[in-house]
Each structure stands twice: as C-alpha cells, then as structure tokens.
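Written below as structure tokens is the structure these notes are about.
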Amino acid sequence: MESEAETNKLLLVIERDIRLFFQYKFLIIMRAIWFVSQIALFGLISSRMMSIPNYFQYYVSGLSVMTLYSAAIFIGFDIYEEAEHGVFEYLLSLPVSRKQLVLGRSIGGGLRSFIYVGPLIALSLFVINAISPLNFLVSLVALFLFSFGVSGMSITIAVIIKSSDRFDIFMGVLDALIVRLSTAMYPLAIVQQSNPFYGWIANFNPVTYAADLFRWGTGIESIITLSNPLLPFLGVVVFFGFFTLFGVVIYERMIEGGGWQ
Amino acid sequence: MAPIIQMKDLTKKFGNVVAVDHLNLEIEEGEILGLLGPNGAGKTTVILMLATVIRPNDGTAVVGEYDIRKNPDKVRGLLGIAFQEPKMLWVTTAWDLLNWHAKVCGLSTEERKRRVKEVLDAVEMWDHRKKTVHQLSGGMRKRVEVAKVLIQRPRIAIVDEPTAQIDIVGKHKIWNMLSDLRKEGTTMILATNELYEADVLSDRVGILHKGKLLVCDTPKKLKDSIVGGDIIDIQLDMDVTARIIEDLQGFKEVVKVMQIKPTNLRLYLNRVEEVVPRIMNTLQKANAPISSIRMSEPSLDDVFAHYTGLTIEEAQKGGE
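Chain order of the listed sequences is C and P.
Residue 6 is where the first sequence starts when you use my numbering, and the numbers rise one by one after that.
Residue -14 is where the second sequence starts when you use my numbering, and the numbers rise one by one after that.
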C-alpha cells in the first residue's frame, strides 16, 4: 500500500513536468518551426553539396536526435525558472523524497521531450521514407533512455553550476561539442578521417549512440556500418544509468540542506 | 503529552550571518504559535529548517516523532506550508497548481475535487481558477498560496505571513479559515510581522529578533509582563488633590501616577482589570466623583518594543 503511494508520488512528479512543458506553447511552436526549417532548408540544400549518398536522410535522422537532446536539456532551465520563483523551495517542502523528486524529474524531462519530438520523428520517418519495425522498436527504447539520460545530465549540471547565465553558456558549449563530436551530422568515418582524436571521442558519445541506433532502427544503416547495435545500446543504458544515479546523489548533496541558496 | 514540535538549539548560519541562533522552543499539539518579528528576524529560516528545505548548522528539531535531520521525508509528510512569497510558476493556472498539490499530498480523487472547489470558493478564487499565475494580482496569488494549506489540512501547518498583501476583509476571512483549521486539530506556526494578526490568532507568541528567541508566552502574559504597561486615564469632576494621588500610589499594581491636567490623572499599572474596581472605590471614598475613565492595555507593539527596545518598523529598517 505504502509502495503504491510512493509510486504515485513519482508519477505525479513526472506528470507535473510533462504538463509544465506543454504550457510553454510559444517555445514548442517555435522549435517545431525550427525543426521543419532545418529539414526543408538546410537539409535539402546541404545534401546537394555532400558526396555522401543519401545524406538528406542521414541528416534528418540526426536532426531528430539533436532535437530530442535539446528538448531534454530544457529541464535544466526549468530548474532555474523554479529557483527564481521560489518553486524549488516548494518542491523541496513536499512529502516527496529527494530520490523520487530527481528520478521523477529525469524521467519527466525525458518523457516530455520524447512526447514532443515524437511527431517530429514521425515526420522525419515520413520524409526519409524508411522503417524496419523491429529495429525501430529497439531504437525507440534507446531514444527513451537517451532522453532520460540527457534530462538527468541537465539536472545534474544545473544543480552543480547554480547560475542560469553560466548554465546557459555552458550548455551552449556542451551542445556544440557533444553534437559536433558525434555522428549526428556526419558519419564516423569522416570524423575519424578529419582527426583520429575527434573520431575517438565521437565513438564514446551518447549522441553518436542514439543517432546510430535511430538510423539502424529506421533502416539507414548502409552509410553508418553499424555491425553490432548492442554496443551503442549498452552505451545509452550506461549513460542513462550514470546520470540518473549520479543525478540523485548530486541533487541530494547540492540541494538538501539549502545548498542551493 | 510530549510537544509536537521540539526545537533544540536550532541554529542556521549563512556565511558569517547567524540567521537563527540556538533556538529552543516547544509547540504543543493543537496550538497556534505566533512567531513574531521583523523581516530578517529569522522566522522564515526557522520554517525552512522545520520543513527540511534547509539543514541546520547546529542543533535539531523533532517534528511529530521524527528528527528533521534523520527523517526528513517523514517530517515533510506531517507538514503543510504556505510560504511568505507565493511559490508558483507564471504559466500554471491556480486550479492546476492546487489540484496537483492536493494529489501529491495524498488526497483521494473525490476528496481532492471537493476540497479544491470548497477552498477556492472560500478564498474567492473559483472564478479565477483557470487564469495563469501571471494574470493574477499579488493578493490573489497570496490567496492561492494559503489555499494549499487549507486544502491539505496537514497535521502541522506553517503559514508565513498569510495575509500580507490582502485587504482587511480578506484578512478576516483567512483568519477565520485558519482558526477553523486549528479546530480540526491542526497545529499551526504562524510567522508574521503583523502584531494584530499574532494577537488575534495565537495561543502563544514567540518574539524573534536577530535570530534569537527573546520571549515566548501567551499574548496576555506578554502584555502583563510589561511593568506598568496598562494605562488608565481618569477625569474627575473636581481638581485632583495630593491625597488622591497618594492613595492611588498606595496600590502595589500602580507603577506611576501622572497628573495630566488639574482634573485628569494617568495611571501606569499592571493587571488593570483587577485594580479598576478598587481604584473606583478609593475615589468614591475620597468624595472624588469620576467624570470619565478610559483603560488601555499594551499591544504586542508595546511588548515588542519592551523586549527589543525598538518598534517593529525600526527593527524592519535594521533587518536583513
């Protein structure tokens, strides 16, 4: 009975974050417009410059993962918004454990970005006209875990940095590095050719794992040569597990006891 | 019966600033304890420590049967808080906010719907329930904040300046609702810098100043603790004589007798309600007919000034 009540609390934290995200209608519409513009303008035009076969499809699938990443990051900005309005103190005063709170927020942050990016992924699948049902299901699970992991990472960084301006700048730099040193926009072979060190980093990048799995799931693997999807899948699981568990520990350490003030 | 809240040397420092300094205080189940003090006195810090939002540097508190350091999750299960500044994001509606709060506090669906409607009606916010926080006035936001506790009906309610920014009619409504909440068995900590509010609602009042608890007692005892705090203004139908003054000075409760006008006296004394009949008797015996008599008790303003040497306004200026 008690465990049921505790699960309910976790679900309520998740529900709150999902509801909250969809209150930001302007942001959602603008991001959707940005996504479509990227496909319709940048994707179409840049694919004509590339010698890589089917680059347009490659780009659209990578863009889906990038959009998922940036939507999942948004939870960190929510934390600052809440700190500014004092909502943080309210959340900390509720009959919800810190573990439930951070786990709920990681899952809520990931889930809401997945719900948001879902239609965009459907659009991208339609555009690239490719799907392999079983593989796609596996890649979908991986993208779920990836988005939870990114939310956990965003929460962890937000509570460590404790300054919205710095967080904004840091996430901009991180975004530039983590996305560009991945296979979201270009195949691993090309990254390795340009600089073996870049290639090495891209090999251990969660964005690479998510992008590769998504392409594998949607059947665009001809240009990524993903021989064993288990490895990136494990990579995503480790990424999710680390930032969820680490997030709980850091959150408790930094927030509990008024560390935020 | 053991107190429901026991604070033991509760201390909080922010850098070099001691916000709460070795606070020792016990609160009985079912009572309303007023924490009175200017901004910066440490009231909100005490509340945040009890709510386990911030951790004390030293000392602890036992809430219910749980230590705030050892069992913070259990402590939060007993508490409901209405914060001084409404804690809400501007994009949410009043209804969403209260409905979610009721859910997370464990109210059943039926009970939740009933209480949210009942309380929103009572605080005159039902018609505004679909407005976002951004569209609400400061007073409306405050009413929504207080509504959280009224819906939750926790075992221990902490209300931080519940009627700040609210008009006088609204204040009385909220006071009545808080009194009703107590009648249902809720213990309450009322942090306020409104002396009248503390006087009207509290069973006991603790005066906090610069993080220290100066005194804690019933409003009546606090007022009586000011030596010569009660005042009687007497107007006679004749000039006051030296004999009359001498007779009045003979009462042990009378601290000082001042002749304001030839026919007017002002007496500074204690326990006015007990002494007045005897004073009237003495004047009657002295054939000094009374034209008018006016009594006034000290207010909590006077109590605050007595213990801090400052009016609450002066203390506010020197606060955090």
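Cβ coordinates follow ideal geometry from the N, Cα and C atoms, glycine included.
Check                                                                                                                                                                                                            : Outcome
For residue 175 (chain P), which residues does DSSP report across the bridge?                                                                                                                                    : P:19 and P:144
What separation, rounded to the nearest whole angstrom, lies between the Cα atoms of residue 33 (chain C) and residue 190 (chain P)?                                                                             : 50 Å
Work out the CA separation of residue 193 (chain P) and residue 305 (chain P) for me, nearest whole Å.                                                                                                           : The predicted position of residue 305 (chain P) is uncertain, since its pLDDT is 40 and thus under 50; a value taken from the coordinates is nonetheless stated next. Each residue's alpha carbon lies about 13 Å from the other.
Which whole-angstrom value describes the C-beta separation of residue 118 (chain C) and residue 68 (chain C), a residue pair presumed to lie in contact below a C-beta threshold of 8 Å?                         : With 8 Å as the limit, residue 118 (chain C) and residue 68 (chain C) do not qualify as a contact, their Cβ atoms being about 14 Å apart.
What residue ranges within the stretch 190 to 257 of chain P form continuous alpha helix (DSSP H) runs of no fewer than 4 residues, ordered along the chain?                                                     : 204 to 209 and 227 to 234
Quick one: is residue 102 (chain C) buried, meaning 16 or more other Cβ sit within 10 Å of its Cβ, or exposed?                                                                                                   : buried
Select from the stretch 81 to 100 of chain P all residues with a C-beta closer than 9 Å to any C-beta belonging to chain C, and list them in chain order.                                                        : 81, 85, 86, 88, 89, 90 and 91
Would you mind reading off the limits of the beta strand (DSSP E) that contains residue 8 (chain P)?                                                                                                             : 2 to 12
Taking Cβ positions, are residue 117 (chain P) and residue 78 (chain P) nearer each other than 9 Å?                                                                                                              : yes
Between the Cα of residue 272 (chain P) and the Cα atoms of P:222, P:187, P:278 and P:-13, which residue gives the shortest distance?                                                                            : P:222
If the cut-off is 7 Å on Cβ atoms, which residues from the stretch 49 to 62 of chain P count as contacting chain C, listed in chain order?                                                                       : 58, 61 and 62
State the DSSP-derived secondary structure class of residue 149 (chain P), mapped to helix, strand or coil.                                                                                                      : coil
Closer than 7 Å by beta-carbon distance: list the chain C residues that pair up with residue -8 (chain P), in chain order.                                                                                       : Simply none; closest approach about 17 Å.
In terms of alpha-carbon separation, which member of P:31, P:49 and P:50 lies closest to residue 41 (chain P)?                                                                                                   : P:31
Closer than 8 Å by beta-carbon distance: list the chain B residues that pair up with residue 70 (chain P), in chain order.                                                                                       : The chain labelled as chain B is not found among the protein chains of the depicted structure, namely C and P.
Which same chain residues, not among the five before or five after residue 196 (chain P), have their C-beta less than 6 Å away from its C-beta?                                                                  : 3, 4, 5, 6 and 27
Give me the subset of the stretch 19 to 41 of chain P whose CB atoms are less than 8 Å from a CB atom of chain C, sorted by chain position.                                                                      : 33, 36, 37, 38, 39 and 40
When the Cα of residue 220 (chain P) is compared with those of P:259, P:262, P:269 and P:274, which residue comes out closest?                                                                                   : P:274
With H, G and I counted as helix, E and B as strand and the rest as coil, what does DSSP make of residue 188 (chain P)?                                                                                          : coil
Between the stretch 21 to 43 of chain C and chain P, which residues of the former have a C-beta closer than 8 Å to a C-beta of the latter?                                                                       : 21, 24, 25, 28 and 29
Could you tell me the alpha carbon to alpha carbon distance between residue 57 (chain P) and residue 47 (chain P), rounded to whole angstroms?                                                                   : 10 Å
Less than 9 Å separating the beta-carbons of residue 52 (chain C) and residue 61 (chain C)?                                                                                                                      : yes
Against residue 76 (chain P), what residues of chain C qualify as contacts under a CB-to-CB distance less than 8 Å, listed in chain order?                                                                       : 25, 28 and 29
Runs of 4 residues minimum, wholly inside the stretch 23 to 85 of chain C: which ones carry the alpha helix (DSSP H) assignment?                                                                                 : 30 to 42 and 49 to 54
Using a cut-off of 7 Å between C-beta atoms, extract the partners of residue 66 (chain P) located in chain C.                                                                                                    : 98
On a CA-only basis, which of C:203, C:197 and C:115 is nearest residue 160 (chain C)? Give me that one, please.                                                                                                  : C:115
Residue 257 (chain P) and residue 215 (chain P): beta carbons closer than 9 Å?                                                                                                                                   : yes
The alpha helix (DSSP H) with residue 224 (chain C) in it runs from where to where?                                                                                                                              : Unbroken run through residue 224 (chain C): none, as it is neither H nor E.
Is the distance from the Cβ of residue 218 (chain C) to the Cβ of residue 132 (chain C) below 9 Å?                                                                                                               : no
Apart from the five residues on each side of it in sequence, which residues of its chain come closer than 7 Å, Cβ to Cβ, to residue 10 (chain P)?                                                                : -8, 191, 198 and 201
So, is residue 164 (chain C) buried or exposed, given that buried needs 16 or more other C-beta atoms within 10 angstroms?                                                                                       : buried
Let me make sure I understand the geometry here. Which of P:49, P:268 and P:14 has the alpha-carbon closest to that of residue 233 (chain P)?                                                                    : P:268
Report yes or no: is there a C-beta of chain P within less than 9 Å of the C-beta of residue 102 (chain C)?                                                                                                      : yes
Can you confirm whether the stretch 91 to 99 of chain P touches the stretch 114 to 131 of chain P when touching is taken to mean that 3 or more C-beta pairs between the two stretches lie within less than 8 Å? : no
For the beta strand (DSSP E) that contains residue -2 (chain P), what are its first and last residues?                                                                                                           : -10 to -1
Identify which residue in P:187, P:218, P:217 and P:-12 has its Cα closest to the Cα of residue 206 (chain P).                                                                                                   : P:187
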